[in-house]
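In my numbering, the protein residues as written are 53 to 126.
Put into structure tokens, the structure is as follows:
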């Protein structure tokens with residue numbers, strides 16, 4: 053699900069998105085892309101991701117780990 057959102061927001065194929073692929077360096081995202089990506093993840097998973105945490109979500113793997121870690125409390 054995270055890969056599908058990343059693929060849609062960054063306009064890259066899901067096959068390019070690995071756990072360790074950097075959104076900015078490997079997938080070509082700029083700062084606006086990353087903000088839109090975080091907002092889409094928040095909407096999809098019902099989360100409120102603080103800015104200081106959002107800055108750490110630089111790869112799909114980190115985003116997945118964050119989402120899994122914060123959904124358990126719901």
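The C-beta atom is built at its ideal place from N, Cα and C for all residues, glycine as well.
With fewer than 16 other CB atoms across the displayed protein chains lying within 10 angstroms of its CB, residue 120 is exposed. Straight-line measurement puts the Cα of residue 101 at about 13 Å from the Cα of residue 86. If the five residues before and after residue 81 are omitted, its C-beta is found closer than 6 Å to the C-beta atoms of 62, 75, all from its own chain and listed in chain order. Each residue's CA atom was taken as its position, placing residue 104 and residue 92 some 17 Å apart.
Cβ-Cβ distances below 7 Å link residue 123 to 97 in the same chain, with the five nearest sequence neighbours on each side left out; the list follows chain order.
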